[in-house]
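Engineer:
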Amino acid sequence: METALAGNIPYPSKMSAEAAMVRKALLERGLETPMIQNGLTRDEKYRRIVQSFTEITRTLGLDLNDDSLAETPHRIAKMYVDEIFSGLDYAQFPKISVIANKMQVEEMVQVDNIDVVSTCEHHFVTIDGLARVAYIPKDKVIGLSKINRIVRFFAQRPQVQERLTQQILVALQALLDTDDVAVTID
């Protein structure tokens, strides 16, 4: 049975405390990606996608006995589950070490030209762009590489640009405990 994910659904045990905090903040603001709890394991998702994509290729009249197409349903399943939609699994949320702002940094921290590659949730085609993320530190700071990883995590799910931008913003606000965060995607 499939049920809509809501704020009272327990967090998966493999989810880090940081991932749980981010997910909770997104749910509270109505910004979480629309998902259902289907109870499928990674391997079950993989098998179902192989079966479904096999049917799609047959429907299109493609010959899966041809050696150039034979493994395509498996390649698509692996790509969907382990790569381009891995951001649907909070167990894959990047390991984040937020540290105290002992240096008393007050200047804006900015990361430009972050490559964004995602999938349009309306047509399931690739969308790409460049993100710019900035924040003014208060009591906490985060490594610059972590910002890139957070952007990548949220891009690796079916998206619309507006939600993607807001998810990155809210994630950083929650992790850094500050509202002084800005995100743009061009």
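Quick note on numbering: the sequence shown equals residues 1 to 186 in the UniProt record's numbering.
Even glycine gets a Cβ: it sits at the ideal position worked out from N, Cα and C.
(1) Okay, do the stretch 37 to 56 and the stretch 114 to 121 touch, 3+ Cβ pairs below 8 Å being the bar?
(2) Rounded to the nearest angstrom, what separates Leu176 and Ile76 at their Cα positions?
(3) So the alpha helix (DSSP H) Asn148 belongs to, where does it begin and stop?
(4) If we count the other Cβ atoms within 10 Å of its Cβ and call it buried at 16 or more, is Leu172 buried or exposed?
(5) Out of Ile99, Tyr90, Cys120, point me to the one whose CA is closest to Ile150's CA.
(6) Between which two residues does the beta strand (DSSP E) harbouring Leu166 extend?
(7) Beta-carbon within less than 6 Å of Val181's beta-carbon, same chain only, minus the 5 sequence neighbours each way: which residues are those?
(8) Is Thr59 closer than 8 Å to Thr72 when the C-beta atoms are compared?
(9) Run the proximity test for Ile99: is its beta-carbon closer than 7 Å to any non-hydrogen atom belonging to the ligand NAP?
(10) Can you have a look at Leu164 and say buried or exposed, based on whether 16 or more other CB atoms are within 10 angstroms of its CB?
(11) At the level of alpha carbons, what is the spacing between Gln166 and Asn65?
Structural biologist: Once the coordinates are examined:
(1) no
(2) 36 Å
(3) 144 to 155
(4) buried
(5) Tyr90
(6) As written in the sequence, residue 166 is Gln, which differs from the Leu given in the question. Where Gln166 is concerned, there is no enclosing beta strand (DSSP E), although the alpha helix (DSSP H) it sits in stretches over 161 to 176.
(7) Tyr135, Leu169, Leu172, Gln173
(8) no
(9) Absent from the structure shown: the ligand NAP. Ligands present: none.
(10) buried
(11) 45 Å
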